[in-house]
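>
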Amino acid sequence: MNWSRVGAIMLKHWFDFRRDFFRIFDIFWWPTFQLFIWGLFSLYLNSVTADRPNFVTILLGGVILWTFFDRATRDISRTFIEEIWNRNLPNIFSTPLTVTEYIVGVVGIAVVKLIMSAVFLFFLARVFYAFEPLKLGWYLVPATIGLTFAGWSLSFFIQAIILRYGHTVEVFIWAIAVLVEPFSCVFYPLSALPVWAQRIALFLPTTYIFENLRRMVFGQSIRVEDIAVSFGLNMVYGVLSIWFFYRTFRYAKKEGLLVKYY
Amino acid sequence: MEQTLVTVDHLTKRFGPPVGGFTAVRDISFSVHEGEIVGLLGPNGAGKTTTIFMLLDLITPTSGDIRIFGLSYQTDREAILQHLNYSSTYVEMSPQLTVYENLFVVAKLYRVIDPKQKIQEYAEKFGVTEFIRWPTRKLSAGQKTRVSLVKAFVNEPRLLLLDEPTASLDPDIALYVRKEILEARKRGMTVLITSHNMAEVEEVCDQVLFIHRGKLIARDTPEGLASRVRKVHVNLMMKDGQKRTLAFAKKAGFRATHQERFVTIDVDEEDIAYLLASLADLGVSYKSIAIDKPTLEDFFVQASTKRSHL
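Protein chains in written order, with my numbering: chain L, 1 to 262; chain Z, 1 to 310.
This is how it looks when you write it as structure tokens:
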């Protein structure tokens, strides 16, 4: 691993980000939009429900944590498809840069953007809805890490699919988080899902994190075994998706897909 | 003693499934020595670009072996690519980034010491300085080609692969690029170049590899390849008897073309005397005569249209 080359990839995407208004917009606008919709809805529920739980914490906590997953699924895949759009993959991979260095570089810049997005959201939530992220305490750490890793696993899987099939499948970049969201029980308990959907939900690392977020809000203790299952699933999916990405990269080199202009 | 920088041994590339796929490169072998400029020629779809991409490890060969600097991609990929670079008209850089930012990132990927100075040096050489702060998307095709050349030289590679380096360039810049390629050779750089500009290949290349339908069908100096074409062009500026001349050429089986008062007849070198004597017998008169020796372009046309080996 050469950190100078990793830094070059991060620098490239930082230059790219800085110069593209729509990307800056993407980081701040959509999360803000979601925050205001759910924030206003939470305030309304708080005002009409007696002996209520704190909807602001449940719903806004859900929205903010979901942003970690959502951004993690999109950032890396988007970075990758832009290299394909720009016909830039031959320039990158004809240098001594290794696939691992490339991955570390794009993950590094994704972390920077994720932190920017999260800080901005926490700030807005605190100012407009008196939402205190620190109320989530230590749970915030495994929750954000778990959701981010789950997003990255999916992202590497999507990147491999894009590498294999090109632009035709890029819709997955934008759609995957939406497809996973209903099964992740972000705003409702697992028991609210039909039985067949509960079976699917149990295979998602995200479900356990949101279930325990609600337990915490309702004053119940966090189920550490749930967090362990979530991280275990993350590890399995992470290893599988990275393995799949490397395998597809080798296939792409074999079939000339790195130099193909879609 | 000349060091062999590139050794390609029985290289084959087949795409797609065993049934219904196609073979882009068929069992080619060649070597390139240090300090040589080697042209890779062939008609469109011949397998030139696939070969270049295999030399860059962007495409994995189906079979055969590539050794660059005596090393193999299987074990020494980073060491090889550190001293290699390429330029292609068909590969773009990030359009949002400025030219300088794109070049800076490339220089960092090659761990160039003092990238700013190196970019400045080659930007001046290839006339990129005036638009170095522009977003890359705003460049014309010719400007992009020049930027691509700066990118190719930025790490001072030992081996440089150039895919159509002067395509879209104005003649004065193209001339400068050729000069720079020859200068680079003096500094010990080895260059493998593809081009459709035969005059350019004749000017800069020491050796030419001619690929046709994936097979290497000839390797020689540009002059050596041209001399394999036996036909010469006899150019006549007619005074009288143009129709008789064309009728005679047709009857004798010579290929003839004409435009206004100019007639060109393609004949084997040994038939020149017969042609001129016959025209004299027919009472044909001409104001001037010029005999053009075959060029690399003639070889290219002949090789591209013939199936047999030359």
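For each residue, glycine too, the CB sits at the ideal point set by N, CA and C.
Since this is a predicted model, take the numbers as computed values, not measurements.
1) Mind pulling the chain L residues with CB within less than 9 Å of Met238 (chain Z)?
2) Do Pro90 (chain L) and Val147 (chain Z) count as a contact pair if the criterion is CB distance below 8 Å?
3) Would you check if the stretch 199 to 213 of chain L and the stretch 8 to 27 of chain Z touch, i.e. whether three or more CB-CB distances between them fall below 8 Å?
4) Out of L:Asn234, L:Phe17, L:Asp16, L:Phe41, which has the shortest C-alpha to C-alpha gap to Thr144 (chain L)?
5) With three or more C-beta pairs closer than 8 Å as the rule, is the stretch 45 to 53 of chain Z touching the stretch 123 to 131 of chain Z?
6) Looking at the structure shown, is Ile9 (chain L) part of a helix, part of a strand, or coil, going by DSSP?
7) Would you say Val287 (chain L) faces chain Z, with C-beta separation under 8 Å as the test?
8) For Val99 (chain L), which of L:Asp226, L:Asn2, L:Leu140 has the nearest alpha-carbon?
9) Taking beta-carbon pairs under 7 Å, can you tell me which members of the stretch 68 to 93 of chain L lie near chain Z?
10) DSSP three-state call for Leu204 (chain L): helix, strand or coil?
11) Give a yes or no on whether 8 Å exceeds the smallest Cβ distance from Val106 (chain L) to chain Z.
12) Identify each residue in the stretch 131 to 146 of chain Z for which the Cβ-Cβ distance to at least one residue of chain L is less than 8 Å, and report them in chain order.
13) Measuring CA to CA, which of Z:Ile132, Z:Phe153, Z:Thr12 is closest to Glu180 (chain Z)?
14) Measuring CB to CB, does Leu225 (chain Z) end up less than 8 Å from Thr190 (chain Z)?
15) Please name the residue, chosen from Z:Ile66, Z:Ala303, Z:Gly70, Z:Asp271, that lies closest to Ile291 (chain Z) on a Cα-to-Cα basis.
16) Just how far apart, CA to CA, sit Leu216 (chain Z) and Gly256 (chain L)?
17) Flag Tyr73 (chain Z) as yes if its beta-carbon sits less than 8 Å from any beta-carbon of chain L, otherwise no.
18) Going by the beta-carbon positions, is the gap between Leu59 (chain L) and Trp38 (chain L) smaller than 8 Å?
19) Residues of chain Z with CB under 8 Å from Lys253 (chain L), in chain order?
20) Assign Gly108 (chain Z) to one of two classes, buried (16 or more other C-beta atoms within 10 Å of its C-beta) or exposed (fewer than that).
21) Classify Tyr73 (chain Z) as buried or exposed, calling it buried when 16 or more other Cβ atoms lie within 10 Å of its own Cβ.
22) Are three or more beta carbon pairs between the stretch 165 to 175 of chain Z and the stretch 61 to 71 of chain Z nearer than 8 Å?
23) What is the rounded straight-line gap between the Cα of Val267 (chain Z) and the Cα of Glu260 (chain Z)?
24) At a cut of 8 Å, does the stretch 179 to 199 of chain L reach the stretch 109 to 127 of chain L through at least three beta carbon pairs?
25) Just to check my reading of the structure: Phe156 (chain L) and Ile84 (chain L) have Cβ atoms closer than 8 Å, yes? What is that Cβ distance to the nearest angstrom?
26) Looking at C-beta atoms only, is the number of pairs between the stretch 233 to 241 of chain Z and the stretch 279 to 288 of chain Z that lie closer than 8 Å three or more?
27) Just the Cα atoms here: how many angstroms apart are Leu40 (chain Z) and Glu170 (chain L)?
28) Could you tell me which residues DSSP pairs with Ser63 (chain Z) in its beta bridges?
29) First and last residue of the beta strand (DSSP E) that includes Ile265 (chain Z)?
30) Output yes or no for whether 8 Å exceeds the beta carbon distance between Leu65 (chain L) and Ile209 (chain L).
31) Whole angstroms is fine: what's the gap from Pro135 (chain Z)'s alpha carbon to Leu134 (chain L)'s?
32) Whose Cβ in chain L lies nearer than 8 Å to the Cβ of Lys108 (chain Z)?
33) Between Ile193 (chain Z) and Leu162 (chain Z), which are expected to be in contact by the criterion C-beta below 8 Å, what is the C-beta distance as a whole number of angstroms?
34) If we count the other Cβ atoms within 10 Å of its Cβ and call it buried at 16 or more, is Thr75 (chain Z) buried or exposed?
35) Since Gln207 (chain Z) sits in a beta bridge, which residues does DSSP pair it with?
36) What's the C-alpha gap between Arg215 (chain L) and Leu258 (chain L)?
So, from the listed chains and residues:
1) As a working note, residue 238 (chain Z) is residue 238 in the second sequence. What Met238 (chain Z) touches in chain L: nothing, since even the nearest Cβ is about 49 Å away.
2) Indexing the second sequence from 1 puts residue 147 (chain Z) at position 147. Indexing the first sequence from 1 puts residue 90 (chain L) at position 90. Not in contact: Val147 (chain Z) and Pro90 (chain L) (Cβ atoms no closer than 8 Å).
3) no
4) Start at 1 with the first residue of the first sequence, and residue 144 (chain L) comes out as number 144. The option with the nearest alpha carbon to Thr144 (chain L) is L:Asn234.
5) By the criterion of at least three beta-carbon pairs nearer than 8 Å, the stretch 123 to 131 of chain Z is not in contact with the stretch 45 to 53 of chain Z.
6) Within the first sequence, residue 9 (chain L) is the residue found at index 9, counting from 1. In the structure shown, Ile9 (chain L) falls within a helical segment according to DSSP collapsed to helix, strand and coil.
7) This structure leaves residue 287 (chain L) out entirely; chain L is present only between 1 and 262.
8) In the first sequence, the residue the question calls residue 99 (chain L) occupies position 99. Among L:Asp226, L:Asn2, L:Leu140, the Cα nearest to that of Val99 (chain L) belongs to L:Asn2.
9) Asn86, Arg87, Asn88, Pro90, Asn91, Phe93
10) Locating residue 204 (chain L) in the first sequence gives position 204, counting from the first residue. Residue state, collapsed to three classes: coil.
11) Position 106 of the first sequence holds residue 106 (chain L). By this cut-off, Val106 (chain L) is not an interface position.
12) Those residues of the stretch 131 to 146 of chain Z placed with their C-beta closer than 8 Å to a C-beta in chain L are Pro135, ordered along the chain.
13) Mapped onto the second sequence, residue 180 (chain Z) falls at position 180. It is Z:Phe153.
14) In the second sequence, counting from the first residue as 1, residue 225 (chain Z) sits at position 225. In the second sequence, counting from the first residue as 1, residue 190 (chain Z) sits at position 190. The Cβ-Cβ distance between Leu225 (chain Z) and Thr190 (chain Z) does not fall below 8 Å.
15) As a working mapping, residue 291 (chain Z) is identified with position 291 in the second sequence. Minimum Cα distance to Ile291 (chain Z) is reached at Z:Asp271.
16) The sequence position of residue 216 (chain Z) within the second sequence is 216, counting from 1. The sequence position of residue 256 (chain L) within the first sequence is 256, counting from 1. So the two alpha carbons sit approximately 21 Å from each other.
17) Within the second sequence, numbered from 1, the residue matching residue 73 (chain Z) stands at position 73. Taking Cβ atoms only, chain L never reaches closer than 8 Å to Tyr73 (chain Z), which makes this a no.
18) The residue you call residue 59 (chain L) lines up with position 59 of the first sequence. The residue you call residue 38 (chain L) lines up with position 38 of the first sequence. Yes. Within cutoff.
19) Within the first sequence, residue 253 (chain L) is the residue found at index 253, counting from 1. Those within 8 Å of Lys253 (chain L) in chain Z are Asp57, Leu58, Ile59, Thr60.
20) Here residue 108 (chain Z) refers to the residue found at position 108 of the second sequence. First, the residue type needs correcting, since residue 108 (chain Z) is Lys and not Gly in the sequence shown. Looking at its Cβ environment, which holds 16 or more other Cβ atoms inside 10 Å, Lys108 (chain Z) is buried.
21) Within the second sequence, the letter at position 73 stands for residue 73 (chain Z). Tyr73 (chain Z) should be labelled buried.
22) no
23) As a working mapping, residue 267 (chain Z) is identified with position 267 in the second sequence. As a working mapping, residue 260 (chain Z) is identified with position 260 in the second sequence. Approximately 21 Å, taken between the alpha carbons.
24) no
25) Locating residue 156 (chain L) in the first sequence gives position 156, counting from the first residue. Locating residue 84 (chain L) in the first sequence gives position 84, counting from the first residue. Between Ile84 (chain L) and Phe156 (chain L) the Cβ distance is about 15 Å, and since that is not below 8 Å, they are no contact.
26) Yes, the stretch 233 to 241 of chain Z touches the stretch 279 to 288 of chain Z.
27) Locating residue 40 (chain Z) in the second sequence gives position 40, where the first residue counts as 1. Locating residue 170 (chain L) in the first sequence gives position 170, where the first residue counts as 1. Approximately 36 Å, taken between the alpha carbons.
28) One-based indexing of the second sequence puts residue 63 (chain Z) at position 63. Ser63 (chain Z) is bridged to Z:Thr12.
29) In the second sequence, residue 265 (chain Z) corresponds to position 265, counting from 1. It spans 262 to 268 - the beta strand (DSSP E) in which Ile265 (chain Z) sits, taken as one unbroken run.
30) Locating residue 65 (chain L) in the first sequence gives position 65, where the first residue counts as 1. Locating residue 209 (chain L) in the first sequence gives position 209, where the first residue counts as 1. Judged by their CB atoms, Leu65 (chain L) and Ile209 (chain L) are nearer to each other than the 8 Å cut-off.
31) As a working note, residue 135 (chain Z) is residue 135 in the second sequence. As a working note, residue 134 (chain L) is residue 134 in the first sequence. Across the structure, Pro135 (chain Z) and Leu134 (chain L) are spaced so that their CA atoms are roughly 43 Å apart.
32) Here the question's residue 108 (chain Z) lines up with position 108 in the second sequence. Residues of chain L passing the Cβ test: Ser4, Arg5, Gly7, Ala8, Leu11.
33) By one-based count along the second sequence, residue 193 (chain Z) stands at place 193. By one-based count along the second sequence, residue 162 (chain Z) stands at place 162. So it is a contact: roughly 4 Å between Cβ atoms.
34) Here residue 75 (chain Z) refers to the residue found at position 75 of the second sequence. Thr75 (chain Z) is exposed by the Cβ-count criterion.
35) Working through the second sequence from its first residue, we reach residue 207 (chain Z) at position 207. Partner(s): Z:Val38.
36) The residue you call residue 215 (chain L) lines up with position 215 of the first sequence. The residue you call residue 258 (chain L) lines up with position 258 of the first sequence. Cα-Cα distance, rounded: 47 Å.
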